[in-house]
Structures are given as structure tokens and as C-alpha cells.
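Protein chains: 2
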Amino acid sequence: MLDYPSLAAVAAVVREGTFERAAAALGITPSAVSQRVRGLEERLGAILIVRGQPCEPTELGRTLCAHLDRVRLLEHDLAPALGRAAGPGERLTLPIAVNSDSLATWFPAAAAAFGRRVDASLDLALDDEAYTAARLRSGEVLAAVTAEREPVQGCRTLTLGALRYAACASPDFVARHFPRGVTAEALAAAPCLRFDRRDFLQARWAKAAFGIDLAGPVHWVPSTHGFLDMTLAGLGWGLHPCGMVQPHLAAGRLVDLGPEHRVEVPLYWTVTRLHAAPLRHLTDAVRIAARGVLVGGG
Amino acid sequence: MLDYPSLAAVAAVVREGTFERAAAALGITPSAVSQRVRGLEERLGAILIVRGQPCEPTELGRTLCAHLDRVRLLEHDLAPALGRAAGPGERLTLPIAVNSDSLATWFPAAAAAFGRRVDASLDLALDDEAYTAARLRSGEVLAAVTAEREPVQGCRTLTLGALRYAACASPDFVARHFPRGVTAEALAAAPCLRFDRRDFLQARWAKAAFGIDLAGPVHWVPSTHGFLDMTLAGLGWGLHPCGMVQPHLAAGRLVDLGPEHRVEVPLYWTVTRLHAAPLRHLTDAVRIAARGVLVGGG
Numbered sequence: 001m002l003d004y005p006s007l008a009a010v011a012a013v014v015r016e017g018t019f020e021r022a023a024a025a026l027g028i029t030p031s032a033v034s035q036r037v038r039g040l041e042e043r044l045g046a047i048l049i050v051r052g053q054p055c056e057p058t059e060l061g062r063t064l065c066a067h068l069d070r071v072r073l074l075e076h077d078l079a080p081a082l083g084r085a086a087g088p089g090e091r092l093t094l095p096i097a098v099n100s101d102s103l104a105t106w107f108p109a110a111a112a113a114f115g116r117r118v119d120a121s122l123d124l125a126l127d128d129e130a131y132t133a134a135r136l137r138s139g140e141v142l143a144a145v146t147a148e149r150e151p152v153q154g155c156r157t158l159t160l161g162a163l164r165y166a167a168c169a170s171p172d173f174v175a176r177h178f179p180r181g182v183t184a185e186a187l188a189a190a191p192c193l194r195f196d197r198r199d200f201l202q203a204r205w206a207k208a209a210f211g212i213d214l215a216g217p218v219h220w221v222p223s224t225h226g227f228l229d230m231t232l233a234g235l236g237w238g239l240h241p242c243g244m245v246q247p248h249l250a251a252g253r254l255v256d257l258g259p260e261h262r263v264e265v266p267l268y269w270t271v272t273r274l275h276a277a278p279l280r281h282l283t284d285a286v287r288i289a290a291r292g293v294l295v296g297g298g
Numbered sequence: 001m002l003d004y005p006s007l008a009a010v011a012a013v014v015r016e017g018t019f020e021r022a023a024a025a026l027g028i029t030p031s032a033v034s035q036r037v038r039g040l041e042e043r044l045g046a047i048l049i050v051r052g053q054p055c056e057p058t059e060l061g062r063t064l065c066a067h068l069d070r071v072r073l074l075e076h077d078l079a080p081a082l083g084r085a086a087g088p089g090e091r092l093t094l095p096i097a098v099n100s101d102s103l104a105t106w107f108p109a110a111a112a113a114f115g116r117r118v119d120a121s122l123d124l125a126l127d128d129e130a131y132t133a134a135r136l137r138s139g140e141v142l143a144a145v146t147a148e149r150e151p152v153q154g155c156r157t158l159t160l161g162a163l164r165y166a167a168c169a170s171p172d173f174v175a176r177h178f179p180r181g182v183t184a185e186a187l188a189a190a191p192c193l194r195f196d197r198r199d200f201l202q203a204r205w206a207k208a209a210f211g212i213d214l215a216g217p218v219h220w221v222p223s224t225h226g227f228l229d230m231t232l233a234g235l236g237w238g239l240h241p242c243g244m245v246q247p248h249l250a251a252g253r254l255v256d257l258g259p260e261h262r263v264e265v266p267l268y269w270t271v272t273r274l275h276a277a278p279l280r281h282l283t284d285a286v287r288i289a290a291r292g293v294l295v296g297g298g
């Protein structure tokens, strides 16, 4: 068997970034943390942590930390039977990847419902979709909300429903760029926002609504709320989750550029096949919260 | 001299991710793009682009693209003298790093003011402070808003003022965890939010306000607005920019856990020393927008 107290010390250093803070989290001295980490490294004949500011795991270190997360998850279900509480530093942490637009809309309700029911920490990573499948495979995250349906071995994928987007701009932007209404020509030339280079929502909408290709300036804003704030400030037009812009549209702070044209992006929950109550509760909370906001979900 | 039309093709492929979209952006055929890129690679005897989905620059490719950004920036100032407009694909793009809390508060006003004055695109990267200095040094970004004052060669650093933070929680969270008011003991054990492992705001506040170390569960939420939404949903307590929570405090959706205790984080603008009007206008817009929101700025 692996030496789990030592592995817990490795995981604490990775999570906290320094040996001192890991020691505080575990309720032991820094030299005890250092001894455990070094001891495990010597027995395995491999470095697990690159010492630095902050300390980073090696690839093997990361794999072992992911393994520890899973063992803790399975142990969590035993706790009532064993009648013992988790010691300090033994708190269950679920690493989860979430795409930006979900975190900005329906996911907080799921996280809060989970937090009220299960005594565990959530370690959220903003999903870079390009890496989600790899992160799930390596065990770096236990579940992910994604906008791309990628089958991952050892995981099941649930369809959550679709997030619906509206094309919006601020009234002053509309006055400057669409003085004669939103025409194909004006739209093609107007400054447009893009989240990142995988964001084709604006292009899809322009194609569907006006049959045109966009040729105007692009501003890149890789944050869902930043994207909205830039639209409100009049930097460009862009597509936003309907739920986020509804109050701004109602208050006249934003203008809907084409109420008859919406873009829908299906979302998925891909979760490790581990029979563990905390994961099941999280999946339940995700499904319930998604159902309230997404369209056409299960 | 470098072959700039070919370098522009390389930059377009890097920005757009594929040869096809780069061709559309440049208004030439994909095979012309491919020829230019290959030609430059052959003459330099080095690969500039790793072909893939998406295409990524090699280190040399990234360095050359950064160089092109600077040449375009200098050229932009010549345009009126030369009396010519930029061709397709020659639009000036300013790559800028911004820290998350600035993007969520005062930065959109700066970007919008800049966008109205200068015909250039902003390519915003969410600042990972650990990499900002390296990104500035390599020329990958031309300027950065950071929370760490790091002198960078070839750049000047302006103090913008401090962002002020308040410790908040939702009323239902307060009722569950602080039924007898916010005491040192209850605070030490209550679930707390952290942005990432470099986020010590909660720990600083708890130390200053109650002289305690936090020992309760931590949820990790690496998004400024996600952090606020999780607090509103009752997952944990945390520190927020005062400007963001003010309406929620006024409406009773959040409770201020210690109005007499604020944490202030100084912010800096580090910008490449290049005499180019667009950078100067951006610096002006940044200073004006920051002055309206940050405390103690210049």
C-alpha cells in the first residue's frame, strides 16, 4: 500500500503552495511535512514536488494527488460506518472543471445546494475545454461541465440542456454603429467582442441572422462578466446568456440586436464513474440547478 | 529586414487558430497563407507554427508575433503622415494583461474610452500574476494591470491606487454560521471562499479583524463574479471589491461581516516604454478610469 499520511502531506503542499502553510493546514510542524514528503520521494525513487514559489507537483505528484482525492472520496462514504470524523487536513475536496458561462449563470446554485448537503470543499477550475477530457482522464478533476460532448473513458456524460444566447449592444453603441438600424453592412463592420479564439457565437449569429461574415475589429475579453461589462460600456457587441442580460435589456442598458435570433449551446456534465455519495449529491444538485435555467434539459 | 507580409500571415494563423480563418481575415487564399508561412520558416530555418487544432506558435513564432505587434504599434503613428489606411488584416491589436478584479470593476470603462478614441483592437488576457513579468519581458503583452509591483526592464510602472475589499456573506449563511454574531470562534470554523492559492485576503481580514487563523473548509472559485455569485448563493464568506457588493449590501442580499475592517490591495499599470500614441491613449484611459474607483491613486 501507498504511505497515505505522506501522500496527504504532498497533497497539502501542492494545494497550499508552501510547506509552512501545508503544515498549518495539517496541524503538524513544517519539518514533519518536509520529512514525510522527502521520505515518500525516496521510497518511490522519484521527485513529487518541484520546490519553488509556489511549490508545484511533478507529473507523478499530480497523478498521486488525484489518486488521493479518489481514495478520500471513497473513504467519505465509510465515515458513518466507522463512526469517526475526518482529522484536520483530511477534509474531502472535489476538483471540478466548470465552463465560464455556467459559472456565471446556473452553477452557483448547484454548488450552494451541494455545500449545504455535503461537508466537502469544492475546488473549481475554469474549464479550458481543450484540456477537460485530458484532466478527467488523468483524474485531475472528478467531473466537468463542458460545452463539448467528449466521451471520456471511466466517465459518464449527462446532457444538461442548452444555454440560450442573445446578441446585445449598449444604446450608445447602437446609436454610433447602427444609426439606421442593424443592417447586414453595418453589422459586418461594427466592433465585435470575442471571448477567445474558440468563440464563434458572434459569427454564428451574424450568419444565421444576416447571412454575413464579420469583418470588423474584434476585441478579445476572456471573462463572461468582463464580456458583459465591456458590452455595457460600449466597446463592442456580442452574444450573452439570455438570463444574464435580461435585467439589462429590461432597464434599457442593453439593446437586443435581433430578438428573433437566438443561439443555443448544449451543455454536458461528465462525471467519473465512482460510487460515492458526495459525487452523487453533486450530480443531483447540478441536474436540478441546470433544469431551472437551461432549455430542453432532462 | 524581416519579410513582414509573411510574418503577418504567421500572426494571423496564431490569432485565428487555423489557416482557413487566417486567410479570410487577410483577404487572401489559404494556400497563399500557407506559402507565406512555409517560405518564412524555410528562410529562417525554423518552425514558427505547430500545425494543430488550433495552430500554436513555437517560442520563436511567439517572439516574432510580439515583434510584429510592436512594429504595427509604431507604424500606427505614421499612418496620418503617410495618408494611408490599414489594409485588411493589418488592424492594430494591443495585447494587454488585466487582473481579474480590475476587469470586474474599473477596467471596462478604460477599455471603452480607449475604443472610442483609437481604432485598434484590445486582446485581453486574464493576468496570472505569476507570469505577468515574463509576458511583458517577452513582449507577449504590451502592458499589464497587476496587484504586484514588479519592475520590468523596458517598462515603466504607474501606481493606480488601491482596490478596497469588504468581507461579506449572504443572510442565510450568517443565520446558519453566525447565529450569535460574527465571533472569532464561529469565523474560524465557517466555510470560506478563496480565489486561488495566492489569495490571502480572507486570511488577512480574519487576522486583522479577529486575530485568528482560519481553520474551516475552503471552496476554491477562480472567477471574480463566480466568487460573488457563490457568496450570494451562501456557499461561503469571502472578501469582495466594495464597489461590486455595495448594491447587494444595500438590498440586503449580502451582510457586511465587519464594516470597520477593510483590506486594500494596491494596483499597478506596467507599460512598455514605446513612444506610440495608442499606448499613450490607453495609459490615459486607464489612469482616468482607475482614479474614479481606486483609493489613494495619482
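Chains A and B, in that order, give the protein sequences. Residues in the first sequence are numbered consecutively from 1, following UniProt numbering. Residues in the second sequence are numbered consecutively from 1, following UniProt numbering. Quick reminder that beta carbons are idealized off the backbone N, C-alpha and C, glycines included.
Distance, A:LEU267 Cα to A:ALA147 Cα: The straight-line gap from Cα to Cα measures roughly 5 Å.
When you compare each of A:LEU126, A:ALA9, A:ALA251, A:HIS76 to B:PHE227 by their alpha carbons, which one comes out closest? That would be A:LEU126, whose Cα lies nearest to the Cα of B:PHE227.
Can you tell me the Cα-Cα spacing of A:THR156 and A:CYS242, whole angstroms? The sequence as given places Arg at residue 156 of chain A; Thr does not occur at that position. Approximately 28 Å between the Cα atoms of the pair.
Hey, is B:THR146's beta-carbon within less than 8 Å of any beta-carbon in chain A? Cβ-Cβ to chain A under 8 Å: no for B:THR146.
Taking CB distances under 8 Å as the criterion, tell me whether A:VAL265 reaches chain B. Interface with chain B (8 Å Cβ-Cβ cutoff): A:VAL265 is excluded.
Between the beta-carbon of B:SER170 and the beta-carbon of B:ARG253, is there less than 8 Å? The answer is yes: Cβ separation under 8 Å.
Whole angstroms are fine: how far does the CA of B:GLY234 sit from the CA of A:LEU7? In a straight line, the C-alpha of A:LEU7 is about 32 Å away from that of B:GLY234.
Quick check on DSSP: helix, strand or coil for B:ILE212? DSSP, reduced to helix, strand and coil, places B:ILE212 outside both helices and strands of the structure shown, so it counts as coil.
Is the beta carbon of A:PRO57 less than 8 Å from the beta carbon of A:LEU48? Going by C-beta atoms, A:PRO57 is nearer than 8 Å to A:LEU48.
Report the residues of the UniProt domain "HTH lysR-type" (2-58) of chain B with a CB closer than 8 Å to any CB of chain A, ordered along the chain. Cβ contacts with chain A come from ARG15, GLU16, GLY17, ALA24, PRO54.
Please classify B:LEU142 as buried or exposed, where buried requires at least 16 other C-beta atoms within 10 Å of its C-beta. Per the 10 Å Cβ criterion, buried.
Identity of the residue in B:VAL37, B:ALA25, B:THR270, B:HIS177 nearest A:ARG116 by Cα: If we check each option's Cα against that of A:ARG116, B:HIS177 comes out closest.
Might you give, ordered along the chain, the residues of its own chain that have their beta carbon closer than 6 Å to the beta carbon of A:VAL286, omitting 5 neighbours on each side? Setting aside the 5 residues that flank it on each side, A:VAL286 is surrounded in the same chain by ALA110, TRP269, each with a C-beta closer than 6 Å to its C-beta; the list follows chain order.
Would you please verify whether the beta carbon of B:SER138 is less than 8 Å from any beta carbon of chain A? Residue-level contact by beta carbon fails for B:SER138 and chain A, as no gap is shorter than 8 Å.
Give the C-beta separation of B:ASP101 and B:THR224 to the nearest angstrom, bearing in mind that I take them to be a contact with Cβ-Cβ under 8 Å. Confirmed, Cβ separation roughly 5 Å.
Who are the neighbours of A:VAL218 on chain B, taking C-beta pairs under 7 Å? Contact annotation for A:VAL218 against chain B: SER121 [CB-CB distance below 7 Å, chain order].
Exposure of residue 311 of chain B, with buried meaning 16 or more beta-carbon neighbours within 10 Å: Within the shown structure, residues of chain B are numbered from 1 to 298, placing residue 311 of chain B beyond reach of any answer.
How about A:VAL221 and A:CYS192: do their beta carbons lie closer than 8 Å? Against a cut-off of 8 Å, the Cβ pair of A:CYS192 and A:VAL221 comes out as no contact.
Leaving out the 5 sequence neighbours to the left and right, which residues in its chain are closer than 7 Å to B:PHE195 when beta-carbon positions are compared? Answer for B:PHE195: VAL221, PRO222, PHE227, listed in chain order.
Along the chain, where does the beta strand (DSSP E) that runs through A:CYS168 open and close? From DSSP, the beta strand (DSSP E) with A:CYS168 extends over 155-169.
Mapping the DSSP letters down to three states, classify B:THR231 as helix, strand or coil. For B:THR231, the three-state secondary structure derived from DSSP is helix.
Using DSSP's beta-bridge definition, name the partner residues of B:SER121. Beta-bridge pairing links B:SER121 to B:THR93.
Secondary structure at residue 300 of chain B, three-state DSSP: helix, strand or coil? Given that chain B is displayed from residue 1 to residue 298, the structure contains no residue 300 of chain B and the question cannot be resolved.
Nearest by alpha-carbon distance to B:ALA189: which of A:ALA11, A:GLU41, A:ARG91, A:ARG62 is it? Nearest neighbour of B:ALA189 by Cα position, chosen from A:ALA11, A:GLU41, A:ARG91, A:ARG62, turns out to be A:ARG91.
Would you say residue 341 of chain B reaches chain A, if we count a Cβ-Cβ gap shorter than 8 Å as a contact? For residue 341 of chain B there is no data in the structure shown, the boundaries of chain B being 1 and 298.
Looking only at C-alpha atoms, which of A:PRO95, A:LEU160, A:LEU249 sits nearest to A:GLY296? Nearest option by C-alpha distance: A:LEU160.
Tell me which residues share the same chain as A:ALA208 and place their Cβ nearer than 8 Å to its Cβ, disregarding the 5 neighbours each side in the sequence. Answer for A:ALA208: HIS261, VAL263, listed in chain order.
Please confirm if B:HIS248 has its CB atom under 8 Å from at least one CB of chain A. For B:HIS248, the nearest beta carbon of chain A is not closer than 8 Å to its own beta carbon.
What does B:VAL182 reach in chain A if we use C-beta pairs closer than 7 Å? By Cβ distance, chain A contributes nothing, its closest Cβ being about 19 Å from B:VAL182, past 7 Å.
Can the beta-carbon of A:PHE210 be found less than 8 Å from the beta-carbon of A:LEU239? Contact: no.
Burial state of A:ARG149 (16 or more Cβ within 10 Å): A:ARG149 is exposed by the Cβ-count criterion.
Using DSSP bridges, identify the partner residues of residue 385 of chain A. Absent from the structure is residue 385 of chain A, since the part of chain A shown begins at 1 and ends at 298.
Would you call B:GLN202 buried or exposed, if buried means 16 or more other Cβ atoms sit within 10 Å of its Cβ? It counts as buried.
Between which two residues does the beta strand (DSSP E) holding A:ARG194 run? For A:ARG194, the enclosing beta strand (DSSP E) covers residues 192-194.
Please state the DSSP three-state secondary structure of A:PRO88. Confidence at A:PRO88 is low in this model, with a pLDDT of 49, below 50, so its placement is unreliable and no value can be given for it.
Closer than 8 Å to chain B by CB, A:LEU226: A quick correction: the sequence has Gly, not Leu, at residue 226 of chain A. Cβ-Cβ to chain B under 8 Å: yes for A:GLY226.
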